[in-house]
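Okay, so the sequence shown: first residue is 24 according to my numbering, each after it adds one.
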Amino acid sequence: MSNHPISTPELAQTLLNVSLSPVALLQPAAPLAADFVVTHLNQAAQQVLRQPAEPNLPLSTCFAPLGSRQVLEHCQQVYQSGQAMQVLLPAMPDGTAAAWQLAIQCFGEGLALGFAQATAPAAALGASADPNALALGSRLERLFRHAPTAICMMAGPDFVYELINTAYEQLFPGRELVGRPLLEAVPEAAGHPAYSSLRRVYETGISHEAQGVLLPIQRTLDGPTEMGYFNYIQQARFDEHGRVDGVVVFSHEVTEQVVAQQQIQRIQQELFTLTNAIDQLVWTATPEGEVDYYNEQWYRYTGSTWEQCQGNGWAAYFHPADLPRLQQHWNASLAHGTPYEIEARLRNASGEFRWFLVRASPSRDAEGNITRWFGTDTDIHEQKRLQHVLLESEEYFRSMADSLPSMVWVTDPEGQCTYLNRQWYSYTGQQEAEALGIGWLNAVHPDDAPAAEQAFLEANKHQVPFRIVYRLRRHDGQYRWAIDAGMPRYNAAGEYEGIVGTVFDIHERQLAEQALQRLTQQLRTARDEARALNKQLQATNERLVRTNVDLDNFIYSASHDLRVPITNIEGLLDLLEHQLPEASLSSPELAPVLHMMHESVERFKRTIGYLSEVTKLQKEFDQPPVQVALATVYDDVYQDLQPLIEQTGAHLEADLSDCPSVSFSPRNLRSVVYNLLSNALKYRHPERAPHIRIYCELQESFTVLHVQDNGLGLEPEQQQQLFTMFRRLHGHVEGSGVGLYMVKRSVENAGGKIEVSSEPGIGSQFSVYFPRLTSATPA
């Protein structure tokens, strides 16, 4: 049941609708009441007169079925005299109208007209005073008596109660009101604004209406006096001469509604206080989407006023590029009643646009109807900026990873590979779709893949570093040894996010280690065969065993740690040969063993020498470049090669005037010049004396050193293998197979390059490109 207060028009309409008898409300159409306009008809009257609820037609038109002329005369009489009238309209002789009973009374500025068709006896008596003619008045009296609104009629300047209904009596239980003046019956009304307005109505004849007025009431006979809220209308009553002779009061208690409204207002005020205390921009909107409230943060941020923002004024503060999308989502939420969420840029008071997260949710009543939208705008500009920075960081990481010479990979916490850099795809020939997830295992040798997968899954499960060596298929189908290592990664909150790792091709190193392992096995065999010779050799072999155990990391330590032990072994063998009898040395049992031991030692020394040079190169490639005088280095190398130059009858032609110095490591530059010149001498053509030309030129980014000879020359397929470590293309000349590898490695480590052009039987030209570093200091 609704608790809203009922206004006088609402009360009149309610009384009209609940009455079972026809009732009409009239308003004078002219100052002298020459005619009346029918403004309202209840349902019974609508059926009789066949007019709508609000016809707004002249009385003569609407009441034609009753004999409009007679009805108009009686209405004019009541309106002019102010006295209520009950009258019987006789039937028309011509039969155009039946007999009707009328009850007419002033109502506000107009009239209330009740009518009902007369019974047969009454119609025969015409206008006689038959009691049945008062039936309509009785029904109206009952309607008045039981109306839900409190109604009273008071007469004279003392406001003597003439008539009150039940609802009015309940406001003053146990009090005798009818026939007593107002201040005598209700003394607490003295001095109240309602009494003052009552006097003005009586004195001026002008009606007064008030809403939510606080009045004292006593709800029970012996109960305390309480204060209640009322809506009321005080309306003057006029006599037949048009003078005010009393006041009619319509009142309706609205205490519950006012208290509830005050509670709502208090909650709203608390809500507004709360919304103004938070950092977010808060707003509310009607069910139709019209914003009707902004908190102070909105006005402070935008620098706007309510007048600028009311209606759809808020749209002017959002970025034009975001507005269509924002309005589209808002309209969709309004249409479907779904929560609203979108990111958009909002302009602040200084004209700067900042990113905001705009959200709104509907509030619904018990029937599920939306009563209001509550929205917030949250500043996420810094979050968006950080997202952009992170995006740029990810792009930077990918760019950096793609520029690295190694293969790089990244996995998520579930162990699924989410990223592989360009080097992986170039090396393996895989496509992204087949490599991500666990597809990378398809490029691992089938014999190695299970162990690699198990090692990785264990590392991911326990969030520990990962390291394994396996054979990886290159794009040409060749399986090459690679080392795969990774470290766990965590976010700023310390949460595990997966593993990031690298893969390096270590094929040559692995082959070297395998060769070393084979050599170690040979030494161990020799050691075992010689162990029985004597206790001294046994002790030496035991040292050799301890030495051989350390050879697992030979690529890093062989050049230094194994040089002394192998020298000792060689000395001990010499000592052994001097101590053994001459006959024993040539015996068929011992001589082959000693010869085999000598060959093993020599092979070991050569291997150590080769790897020593590689190790030395790896340790020295980080030396900073300086300006080195090229002619000085050439002269120094020339002196070292002087015996070989004379022996071969070589002619060397040098022209280094165009580039007196290069930016390079001095030691590495000497190695480059020495290797190129010595190779030109060693690999000379057997049918002619060597002719070697060394010269240089300056380019924009490089100093280029050329070494040209008329030697053996190289086939195209030999040129592709020329710079491979331990690769020797001519067996008739002693060599390590690492010289040109070292030259290429040292030059490339410094940012340069080396190129070769050759023709078999004609000769070769090596061109070394040294980067030009103007900031380097002279040597």
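Yeah, the Cβ is synthetic: ideal placement off N, Cα and C, and Gly gets one too. Please read these numbers as outputs of a predicted model, since none were measured by experiment.
Exposure label - residue i; buried when at least 16 CB within 10 Å
{"i": "tryptophan 329", "result": "exposed"}
{"i": "aspartate 575", "result": "Any reading at aspartate 575 is ruled out, since the residue's pLDDT is 39, under 50, leaving its predicted position unreliable."}
{"i": "alanine 355", "result": "exposed"}
{"i": "glycine 133", "result": "buried"}
{"i": "tyrosine 255", "result": "buried"}
{"i": "leucine 700", "result": "buried"}
{"i": "tyrosine 519", "result": "exposed"}
{"i": "leucine 238", "result": "buried"}
{"i": "methionine 803", "result": "An answer regarding residue 803 cannot be provided, because it is not within the stretch 24 to 802 covered by the chain."}
{"i": "glutamate 536", "result": "buried"}
{"i": "threonine 172", "result": "buried"}
{"i": "serine 780", "result": "exposed"}
{"i": "alanine 606", "result": "exposed"}
{"i": "isoleucine 187", "result": "buried"}
{"i": "threonine 590", "result": "exposed"}
{"i": "aspartate 245", "result": "exposed"}
{"i": "aspartate 169", "result": "Residue identity check: residue 169 is histidine in the sequence provided, not aspartate. Histidine 169 comes out exposed."}
{"i": "histidine 63", "result": "buried"}
{"i": "aspartate 400", "result": "buried"}
{"i": "proline 347", "result": "exposed"}
{"i": "glutamate 782", "result": "exposed"}
{"i": "glutamate 311", "result": "exposed"}
{"i": "threonine 734", "result": "The sequence given here has glycine at residue 734, not threonine. Looking at its Cβ environment, which holds 16 or more other Cβ atoms inside 10 Å, glycine 734 is buried."}
{"i": "proline 709", "result": "exposed"}
{"i": "threonine 298", "result": "buried"}
{"i": "tyrosine 513", "result": "exposed"}
{"i": "asparagine 79", "result": "exposed"}
{"i": "leucine 480", "result": "exposed"}
{"i": "alanine 516", "result": "exposed"}
Delimiting residues of the alpha helix (DSSP H) encompassing residue i
{"i": "serine 356", "result": "346-359"}
{"i": "arginine 222", "result": "216-227"}
{"i": "glutamine 446", "result": "445-451"}
{"i": "glutamate 199", "result": "Run containing glutamate 199: none; DSSP gives neither H nor E here."}
{"i": "threonine 248", "result": "Looking at the DSSP string, threonine 248 is not in any alpha helix (DSSP H); the run it does join, the beta strand (DSSP E), is 248-261."}
{"i": "alanine 329", "result": "Note on residue identity: the sequence assigns tryptophan, not alanine, to residue 329. That run of the alpha helix (DSSP H) goes 329-332."}
{"i": "leucine 206", "result": "205-208"}
Residues bridged to residue i [DSSP beta-bridge criterion]
{"i": "phenylalanine 489", "result": "Gly509"}
{"i": "tryptophan 306", "result": "Tyr317 and Gly398"}
{"i": "aspartate 528", "result": "Ala505"}
{"i": "glutamine 140", "result": "Trp123"}
{"i": "cysteine 440", "result": "Thr434 and Gly460"}
{"i": "lysine 776", "result": "Tyr792"}
{"i": "proline 385", "result": "Trp396"}
{"i": "methionine 176", "result": "Leu186 and Val271"}
{"i": "tryptophan 378", "result": "Arg368"}
{"i": "valine 467", "result": "Leu495"}
{"i": "valine 523", "result": "Val433 and Met510"}
{"i": "phenylalanine 341", "result": "Leu369"}
{"i": "glutamate 276", "result": "Phe253"}
Neighbour flag for residue i against chain B, beta carbons, 9 Å
{"i": "tyrosine 493", "result": "Judged by its chain identifiers, the structure shown contains no chain B, having just a single protein chain."}
Range covered by the beta strand (DSSP E) that runs through residue i
{"i": "leucine 603", "result": "Here leucine 603 belongs to no beta strand (DSSP E), and DSSP marks it neither H nor E."}
{"i": "threonine 394", "result": "393-402"}
{"i": "tyrosine 363", "result": "363-370"}
{"i": "leucine 186", "result": "183-187"}
{"i": "leucine 48", "result": "46-51"}
{"i": "proline 783", "result": "That residue, proline 783, is in no beta strand (DSSP E); it is neither H nor E in DSSP."}
{"i": "glutamine 234", "result": "231-241"}
Whole-Å CB distance - residue i paired with residue j, under 8 Å assumed
{"i": "aspartate 732", "j": "glycine 786", "result": "5 Å"}
{"i": "valine 656", "j": "leucine 617", "result": "Not really, about 44 Å apart at Cβ, beyond 8 Å."}
{"i": "glutamine 93", "j": "cysteine 85", "result": "That belief does not hold up - the Cβ atoms of glutamine 93 and cysteine 85 are roughly 14 Å apart, past 8 Å."}
{"i": "phenylalanine 376", "j": "arginine 382", "result": "About 19 Å separates the two Cβ atoms, so there is no contact after all."}
{"i": "leucine 49", "j": "leucine 89", "result": "In fact, because the Cβ distance is near 13 Å, the residues do not count as touching under 8 Å."}
{"i": "leucine 598", "j": "methionine 620", "result": "With a Cβ gap of about 13 Å, leucine 598 and methionine 620 do not count as contacting."}
{"i": "tyrosine 493", "j": "histidine 468", "result": "6 Å"}
Residue i Cβ short of 8 Å to the ligand FAD heavy atom set
{"i": "leucine 186", "result": "This structure does not include the ligand FAD; it has no bound ligands of any sort."}
Length-filtered (4 minimum) alpha helix (DSSP H) runs lying within the region 654-734: Segments of the alpha helix (DSSP H) lying fully in the region 654-734: 665-671 and 689-705.
Complete beta strand (DSSP E) runs within the region 56-138 (minimum length 3 residues, chain order): Note on the region 56-138: whole beta strand (DSSP E) runs with a minimum of 3 residues are 59-64, 108-112 and 123-130, in chain order.
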